[in-house]
Amino acid sequence: RFGRAAAGVRATGTLSSRLRPALCPIAARRTGGLVRFAAVPENNPAASTAPPPTTEGSSELPLYTNFSDALEDWQLVLLEEAFRTSSRRKISITELSEECKLSRSQVLGWIKSRSRMTEEQAATVAAACLAAVEREERLEDTLKKKEAKKAFAGMSIGERRQVQSKDKQMSALAMKTLLKYWARNNNPSWQSINDIARVTKLSPTIVRNWFKEKRDTNRGSKSARRGRGAGKRF
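For the sequence shown, position 89 (counting from the first letter as 1) is numbered 89 according to the UniProt record's numbering, and the numbering increases by one without interruption.
Structure (structure tokens):
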């Protein structure tokens, strides 16, 4: 899951897993395509009781009204994924709060605020989640490349050829797993991509590209069949 992967990233200092104590309500600010947060004065009683305003024409996006610190990227991804799947399966607030390192009231408050968002606000949250996942994937890919390059430098010519040959191939088990997931859903979410990557021991980027290429191939095949069918009729 993203949370476990993010935990490893947090250990490097990229993402912090600590939240400062709640001091006052907050509002989120959209900056550079990502969700950022600004404190709302404590003497504003409407901030914690009224539904979030639409804020048309404003950069303010009041997503969170019950605790003062900005959510970490990995926390936002976990909360958003849980919200999106809540209509299909029951969510354990206790487990989610433990995984997000937040209190139950904070998690419940976020879900309540999320359910009242406009489509534009929801799209902003989705964009922030996608950007967070992509950043983590780039970091993982960079670390893997550095480790692989270091190991490759110490290999003999024969060992290097074996590694290069292996890199060009995907194991039969990995391919079987990808096809099984493809049969269920040919456009999986970022959370599912990470789960599949962990199971197949492939990078999330490889998994995402495989699904994209598979979709493109299927679309091309369908178009070709339609073209042949139209030619036969005439």
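Using N, Cα and C, we set each Cβ at its ideal position, and we do this for glycine too. From a predicted model like this one, the values you see are computed outputs, not experimental measurements.
- Where isoleucine 93 is concerned, the enclosing alpha helix (DSSP H) starts and stops at 93-100.
- DSSP places lysine 90 in the coil class of the three-state scheme, outside both helix and strand.
- Distance from the CA atom of glutamate 95 to the CA atom of serine 221, rounded to whole angstroms, is 44 Å.
- Beyond the five residues adjoining it in sequence on each side, alanine 197 comes within less than 7 Å, by CB distance, of Ser203, Pro204 and Val207 in the same chain, given in chain order.
- Burial state of alanine 132 is buried, judged by a 10 Å Cβ sphere holding 16 or more other Cβ atoms.
- When the five nearest sequence neighbours on each side are left out, no beta carbon in the same chain lies closer than 8 Å to the beta carbon of glutamate 119.
- Put simply, of Ala153, Asn209 and Glu134 the residue whose alpha carbon is nearest the alpha carbon of leucine 178 is Asn209.
- Taking the C-beta atoms as reference points, leucine 130 is found nearer than 8 Å to tryptophan 190.
- Tryptophan 110 and glutamate 159 have their C-alpha atoms roughly 52 Å apart.
- Taking a C-beta distance under 8 Å as the contact criterion, phenylalanine 83 and arginine 116 do not qualify as a contact pair.
- If the five residues before and after arginine 135 are omitted, its C-beta is found closer than 8 Å to the C-beta atoms of Asp73, all from its own chain and listed in chain order.
- Note that the C-beta distance between cysteine 100 and glutamine 75 is below 8 Å.
- In the DSSP assignment, glutamate 81 falls within the unbroken alpha helix (DSSP H) covering 73-85.
- Listed in chain order, the alpha helix (DSSP H) runs fully inside the UniProt domain "Homeobox" (161-221) are 172-184 and 190-200, counting runs of at least 4 residues.
- Counting every other CB atom within 10 Å of its CB across the protein chains shown gives threonine 142 a total below 16, marking it as exposed.
- Setting aside the 5 residues that flank it on each side, valine 77 is surrounded in the same chain by Phe2, Cys129, Ala132 and Val133, each with a C-beta closer than 7 Å to its C-beta; the list follows chain order.
- By the beta-carbon neighbour count (other beta carbons within 10 angstroms, threshold 16), asparagine 194 is buried.
- Proximity to asparagine 218 across Met155, Asn186 and Tyr181 peaks at Asn186, based on C-alpha coordinates.
- Distance from the CA atom of methionine 175 to the CA atom of glutamate 147, rounded to whole angstroms, is 25 Å.
- Within its own chain, the residues whose Cβ lies closer than 6 Å to the Cβ of glutamate 81, once the five positions on either side in sequence are excluded, are Gln191, listed in chain order.
- Our two residues, alanine 151 and serine 105, have alpha carbons roughly 47 Å apart in a direct line.
- Per DSSP, arginine 104 is one residue of the alpha helix (DSSP H) stretching across 104-115.
- Here glycine 158 carries a helix assignment [DSSP, helix/strand/coil].
- Relative to lysine 214, the option among Lys201, Val199, Pro188 and Thr200 whose CA is nearest is Pro188.
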